[in-house]
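Shown next, in structure tokens, is the structure this report addresses.
Residue numbers (the working numbering): 52 to 304.
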């Protein structure tokens with residue numbers, strides 16, 4: 052496939068959190084930038100926009116990003132939405148996916164080819180493992196939507212490279228730079244786009260001694276988990292003061 056107008060929608064996953072680059076907008080790179088750079092090699096007039104903002108749930112993503120995206124008349128749209136909803140105490144997954152379905156239908160009707168995701172398998176995380184059933188329900192519905200809209204599906208759940216921690220950032224929620232590169236490769240391969248990205252070679256770290264593991268977990272609770280819970284309790288989001296990294300279609304530099 053060849054594309055010339057690519058728009059990326061979503062939350063922190065698509066914004067690029069976990070893959071820092073101080074030279075880029077919001078200080079991030081991420082898998083979507085890597086995909087855009089490779090797509091640009093196959094088009095003489097390529098434009099890329101990234102409207103994703105960290106912390107966004109599905110409804111704000113659709114309310115804030117859908118119409119601006121369609122106004123750019125993209126021929127490729129990537130969207131991963133709903134992950135933050137699954138982490139909330141209560142969520143109606145069926146209703147959530149009905150709204151997602153309607154939005155995807157609008158994007159397809161505008162002429163865009165879609166790339167969508169399932170959620171990853173959280174079995175390696177003690178914190179997120181209790182939500183595994185939610186993730187599985189979301190995933191089956193996402194697979195149905197991919198079939199309905201003839202979308203390219205990235206089945207994150209089945210990507211076993213992500214089942215350990217080697218491709219995850221220290222916050223245990225976002226992919227690290229290796230993880231973003233691995234995801235970019237998956238997207239390009241599923242689209243059938245030639246690229247020169249090398250699959251990162253990483254190894255799982257051996258289990259730390261008990262005392263060290265306890266210190267690491269306490270540090271994570273203090274610096275990552277507690278602030279996340281505080282934002283939930285106070286109704287705030289990590290993206291409240293964040294703007295889209297690339298709000299307009301522009302060439303890839």
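We treat Cβ as the ideally placed atom computed from N, Cα and C, and that holds for glycine.
Within 10 angstroms of the Cβ of residue i, are there 16 or more other Cβ atoms? Answer buried if so, exposed if not.
i	result
residue 254	exposed
residue 78	exposed
residue 86	buried
residue 108	buried
residue 295	buried
residue 237	buried
residue 105	buried
residue 65	buried
residue 197	buried
residue 145	exposed
Give the single residue among the options whose Cα lies nearest to the Cα of residue i.
i	options	result
residue 163	180, 203, 140	203
residue 166	138, 212, 234, 142	234
residue 59	74, 132, 53, 71	132
residue 140	126, 185, 109	185
residue 183	247, 149, 138	138
residue 120	135, 105, 99, 134	99
residue 205	159, 62, 129	129
residue 41	220, 248, 123	Any property of residue 41 remains undetermined from this structure, which presents the chain solely from 52 to 304.
residue 103	116, 92, 97, 93	116
residue 289	147, 124, 135	135
residue 200	159, 180, 55, 178	159
residue 101	150, 145, 84, 214	84
residue 114	55, 91, 150, 198	150
residue 215	124, 174, 302	174
residue 301	213, 180, 142, 123	123
Output needed for residue i: all residues of its chain with C-beta closer than 8 Å, excluding positions within five of it in sequence on either side, in chain order.
i	result
residue 208	169, 170, 171, 172, 186, 187, 190
To which residues of the same chain is residue i closer than 7 Å at the C-beta, ignoring the five residues directly before and after it?
i	result
residue 95	none
residue 176	223
residue 297	76, 99, 100, 101
residue 250	233, 236
residue 125	56, 57, 58, 163
residue 91	97, 303
residue 299	100
With a CB to CB cut of under 6 Å and the five nearest residues on each side skipped, what residues in its chain are close to residue i?
i	result
residue 52	242, 243
residue 67	79, 80, 81
residue 69	220, 225, 226, 227
residue 246	89, 239
Report whether the distance from the Cβ of residue i to the nearest heavy atom of the ligand ZN is below 7 Å.
i	result
residue 62	This structure does not include the ligand ZN; it has no bound ligands of any sort.
Run through the stretch 113-197 for me and flag every whole alpha helix (DSSP H) of 4 or more residues, listed as ranges in chain order.
-> Whole alpha helix (DSSP H) segments, 4+ residues: 134-137, 144-160.
If you pair each beta-carbon of the stretch 219-238 with each one of the stretch 191-199, do three or more pairs fall below 8 Å?
-> The stretch 219-238 is not in contact with the stretch 191-199.
Is it a yes or a no for the stretch 103-123 touching the stretch 149-156, going by three-plus beta-carbon pairs under 8 Å?
-> Under the Cβ criterion (8 Å, minimum of three pairs), the stretch 103-123 counts as touching the stretch 149-156.
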